[in-house]
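J.: So the mapping is simple: our numbering equals the position in the sequence shown, first residue as 1, plus 1336.
The beta-carbon is built from N, C-alpha and C at its ideal position, and this holds for glycine as well.
A single structure is presented below for examination.
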Amino acid sequence: MTTLQYDSLYLFIAGEWLSAEGRDTSPVTNPANGKVIGRVPLATSGDLNRALGVAHTMSKVWECTLPVERAKILKAGADLIRTRADHIATQMTLEEGKPLAESKDEVLRAADYFEWFAEEAKRLDGRFVPANRPNVQQIVKRQAIGPVAAFTPWNFPAITPARKLAAALSAGCSVIIKPGEECPATALALARCLDDAGLPKGVLQMVFGVPDDVSKHLIASQVIRKVTFTGSVPVGRLLAARAAAGVKPITLELGGHGPVLIFNDADIASAAALGAANKFRGTGQICISSTRFLVQRAVYDEFVEHFVAATRALKVGNGMHPGVTIGPLANPRQIAKTEALVADAIQKGARLLTGGQRIASEGYFFEPTILADVPGDAHILSEEPFGPIAVVIPFDEIDDGLSEANRLPYGLSAYAFTSNASTAIKVADGLEAGMIGINQFRIVATELPFGGIKESGIGSEGGLEGIDHYLTNKFISQAY
Ligand code: NAD
């Protein structure tokens, strides 16, 4: 049943749901109207120490739980998430702002990750390697790496925790996760589903706090054997340095600046319509969002016309209202950053094709914005916007398009539209990105690895690759 009530917020430590009880709290705001809807308790260092002790103990218990039992619990968790999807989606739209239908889709996809990795728990096999000496048996085993510290952001409050939790729990690791303080209710609702599904108390613990204090505390602890983070490049770099100090592996899903190459032979109207939908989905606050639309010169004007028309047809508003396709930005920081990027580009000579303004109403709404003729020194051409700004840029030959696409240190997602098979292959080979969409933007699936190269990250989540980081190799060489 759908309810507009915002859930109470807790820490989930040692299997106990702890409310503020004298702890500091941080406000949670509805970005559609700027109103405070809840207060999330912030963990003390005593709370974190308690969580670490429990994570250590429960990692042994969970690792030794039969894979088939782990799978059963994760599958039951997925089923509960589906049953409660309407309620969880409402929580997400209240705290993050995205349209309710998108929130529900995200919750259901989060459930898919738990189901998919539940199955993988049963397939964590090893290798038998024939020896080069007589009377020796050699076995390579894969074992759970141990307690994981996970940090997730606010833009996908269900999918990002789900990708990390599903794989780590499937592998047999205990996890302490700190989701974004801006959107705690969604993550807590997922944890509640796993708890109700019978996950042993303390295998999963969820904390909130001052992000830097929590990550410093957890990563420095000898209990933690693996770190995983989704967020910005600067924070990723900081956490990687902390993990390196303890020689701990880290998985990083960081930012991007998605290029889209549109060739003369593409279906231009379709590329423009799909491009507008993709660019402004999540109000552009998506790491694999397309941002730089690189269009071959002969179809540049035609593309721009369709792209602007499709963008103007989008409906911005409160995600709870039917028909709304674009919600608010997540917080005032995002508004300030978007305004600054647009102002900088225009001041340097860019042409505004549509949008460009904050929408004067309560909440953090900004018009979907397209810029053309952007000079090379404008910040938007090198900084990840993480907001509703697209840039259109003409190019001549395939190599010119590729070199602009690959110019930045990012390498997360890239896209191309062409009807020519050899262009498609050349572009897919030449684009420096971890994920590539040809003639489409739908590149994320439970069964596929999700991750970037260059400064966009280390490692992949999802798919067969997604569980590897939570396992270590151990070989046993036995003489007989
Ligand atoms: P931010 O880097 O300050 O925060 C992003 C997330 O990281 C937040 O949820 C925050 O709680 C967490 N975080 C911040 N500092 C941390 C620390 N020291 N230790 C542990 N966690 C920490 O950025 P922001 O202003 O909230 O978001 C804007 C930028 O973040 C964007 O420009 C984008 O690059 C990046 N971002 C990327 C993704 C992604 O999916 N890769 C998601 C959200 C934000």
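DSSP three-state label for L1807, please.
T.: Position 471 of the sequence shown, counted from the first residue, corresponds to residue 1807. Reduced to three states, the DSSP call for L1807 is strand.
J.: Can you check DSSP and say which residues form a bridge with R1463?
T.: Position 127 of the sequence shown, counted from the first residue, corresponds to residue 1463. Its beta-bridge partners are V1476.
J.: For F1487, which residues does DSSP report across the bridge?
T.: For the purposes of this step, residue 1487 is taken as the residue at position 151 of the sequence shown. BP columns for F1487 point to K1514 and F1565.
J.: Can you have a look at A1612 and say buried or exposed, based on whether 16 or more other CB atoms are within 10 angstroms of its CB?
T.: The residue you call residue 1612 lines up with position 276 of the sequence shown. A1612 should be labelled buried.
J.: Would you kindly check if the distance between the Cβ of E1698 and the Cβ of N1369 is under 9 Å?
T.: Position 33 of the sequence shown, counted from the start, is the residue given in the question as residue 1369. Position 362 of the sequence shown, counted from the start, is the residue given in the question as residue 1698. Yes, the pair counts as a contact, with Cβ atoms nearer than the cut-off.
J.: Would you call the segment 1469-1482 and the segment 1794-1808 in contact, with 3 or more CB pairs under 8 Å?
T.: Touching, yes, given that three or more Cβ pairs across the two stretches are closer than 8 Å.
J.: For I1409, which residues from the same chain have a beta carbon less than 7 Å from its beta carbon, with the 5 sequence-adjacent residues on both sides left out?
T.: For the purposes of this step, residue 1409 is taken as the residue at position 73 of the sequence shown. Around I1409: A1533, G1534 and L1535.
J.: Quick one: grab the DSSP three-state call for N1614.
T.: Looking up residue 1614 in the sequence shown gives position 278. Note: N1614 maps to helix in three-state DSSP.
J.: Output needed for A1414: all residues of its chain with C-beta closer than 6 Å, excluding positions within five of it in sequence on either side, in chain order.
T.: As a first step, residue 1414 must be located in the sequence shown, where it is residue number 78. A1447, F1450 and E1451, listed in sequence order.
J.: How big is the Cα-Cα spacing for K1396 and F1777?
T.: Position 60 of the sequence shown holds residue 1396. Position 441 of the sequence shown holds residue 1777. If you take the alpha carbons of K1396 and F1777, they lie about 41 Å apart.
J.: Going by DSSP, name the residue or residues bridged to I1729.
T.: Residue 1729 sits at position 393 when you count from the first residue of the sequence shown. DSSP, once it has assigned bridges, lists L1630 as partnering I1729.
J.: Please state whether DSSP places R1669 in a helix, a strand or coil.
T.: The count along the sequence shown starts at 1 and reaches residue 1669 at position 333. R1669: helix per DSSP, three-state reduction.
J.: For D1603, which of G1788, L1590 and V1631 has the nearest alpha-carbon?
T.: Here residue 1603 refers to the residue found at position 267 of the sequence shown. Out of G1788, L1590 and V1631, V1631 has the C-alpha closest to the C-alpha of D1603.
J.: Hey, is P1570 close to ligand 1, as in C-beta under 8 Å from one of its heavy atoms?
T.: As a working mapping, residue 1570 is identified with position 234 in the sequence shown. The answer is yes for P1570.
J.: Would you kindly check if the distance between the Cβ of S1626 and the Cβ of Y1751 is under 9 Å?
T.: Counting from one through the sequence shown, the residue named residue 1751 turns up at place 415. Counting from one through the sequence shown, the residue named residue 1626 turns up at place 290. For Y1751 and S1626, yes; Cβs fall inside 9 Å.
J.: Measure from the alpha carbon of R1445 to the alpha carbon of each residue in K1810, G1795 and T1782, then state which is nearest.
T.: Position 109 of the sequence shown, counted from the first residue, corresponds to residue 1445. For the residues K1810, G1795 and T1782, the minimum Cα distance to R1445 belongs to T1782.
J.: Of all the options I1761, I1725, P1377 and G1567, which has the alpha carbon lying nearest to the alpha carbon of L1688?
T.: Taking the sequence shown and counting its residues from 1, one reaches residue 1688 at position 352. When only C-alpha atoms are compared, the closest one is I1725.
J.: Whole angstroms is fine: what's the gap from P1470's alpha carbon to E1405's?
T.: Sequence index remark: in the sequence shown, residue 1470 carries index 134 (1-based). Sequence index remark: in the sequence shown, residue 1405 carries index 69 (1-based). Looking at the two C-alpha atoms, the distance is approximately 38 Å.
J.: Return the CA-CA distance between V1635 and G1691, expressed in angstroms with no decimal places.
T.: Residue numbering aside, residue 1635 sits at position 299 when the sequence shown is read from its first letter. Residue numbering aside, residue 1691 sits at position 355 when the sequence shown is read from its first letter. If you take the alpha carbons of V1635 and G1691, they lie about 23 Å apart.
J.: Threshold first: 3 residues or longer. Then list the beta strand (DSSP E) segments lying entirely within the segment 1761-1809, N to C.
T.: Counting whole runs of 3 or more residues, the segment 1761-1809 contains the beta strand (DSSP E) stretches 1771-1774.
J.: Three-state secondary structure (DSSP) at F1652?
T.: Mapped onto the sequence shown, residue 1652 falls at position 316. Before going on, a small fix: residue 1652 reads as Val here, not Phe. V1652 falls in the strand class under three-state DSSP.
J.: Enumerate in chain order the residues of its own chain whose CB-to-CB distance from P1520 is below 6 Å, with the five nearest sequence positions on each side excluded.
T.: Walking along the sequence shown from the start, residue 1520 turns up at place 184. Hits under 6 Å: L1345, V1376 and F1544.
J.: Is DSSP giving N1366 helix, strand or coil here?
T.: Working through the sequence shown from its first residue, we reach residue 1366 at position 30. If DSSP states are grouped into helix, strand and coil, N1366 belongs with the strands.
J.: Less than 9 Å between the beta carbons of P1721 and Y1700, yes or no?
T.: For the purposes of this step, residue 1721 is identified with residue 385 of the sequence shown, where counting begins at 1. For the purposes of this step, residue 1700 is identified with residue 364 of the sequence shown, where counting begins at 1. No.
J.: Out of curiosity, what's the CA-to-CA distance linking M1337 and S1362?
T.: As a working note, residue 1337 is residue 1 in the sequence shown. As a working note, residue 1362 is residue 26 in the sequence shown. Reliability fails at M1337, whose pLDDT of 43 lies under 50, so the model's placement of it is uncertain and no value is given.
J.: Mapping the DSSP letters down to three states, classify K1371 as helix, strand or coil.
T.: Residue numbering aside, residue 1371 sits at position 35 when the sequence shown is read from its first letter. K1371: strand per DSSP, three-state reduction.
J.: CA-CA distance, E1292 and R1617?
T.: Past the boundaries of the shown model lies residue 1292; the chain is included only from 1337 to 1816, so the question cannot be answered.
J.: Hey, quick one: how far does the beta strand (DSSP E) through E1589 stretch, first residue to last?
T.: Position 253 of the sequence shown holds residue 1589. Segment I1586 to E1589, the beta strand (DSSP E) holding E1589.
J.: Once DSSP output is grouped into helix, strand and coil, what is the label at I1481?
T.: In the sequence shown, residue 1481 corresponds to position 145, counting from 1. In this structure, I1481 counts as coil in the three-state DSSP scheme.
J.: Rounded C-beta distance between I1716 and A1681? I'm assuming under 8 Å.
T.: Along the sequence shown, read from residue 1 onward, the residue named residue 1716 stands at position 380. Along the sequence shown, read from residue 1 onward, the residue named residue 1681 stands at position 345. Their Cβ separation, rounded to whole angstroms, is 5 Å, which keeps I1716 and A1681 in contact under 8 Å.
J.: Measure the Cβ-Cβ separation of I1772 and S1749 and say whether it is below 9 Å.
T.: Position 436 of the sequence shown, counted from the start, is the residue given in the question as residue 1772. Position 413 of the sequence shown, counted from the start, is the residue given in the question as residue 1749. Against a cut-off of 9 Å, the Cβ pair of S1749 and I1772 comes out as a contact.
J.: With a Cβ-Cβ cutoff of 9 Å, do Q1541 and A1391 count as a contact?
T.: Reading the sequence shown from its first residue, position 205 is the one you call residue 1541. Reading the sequence shown from its first residue, position 55 is the one you call residue 1391. Closer than 9 Å, so yes.
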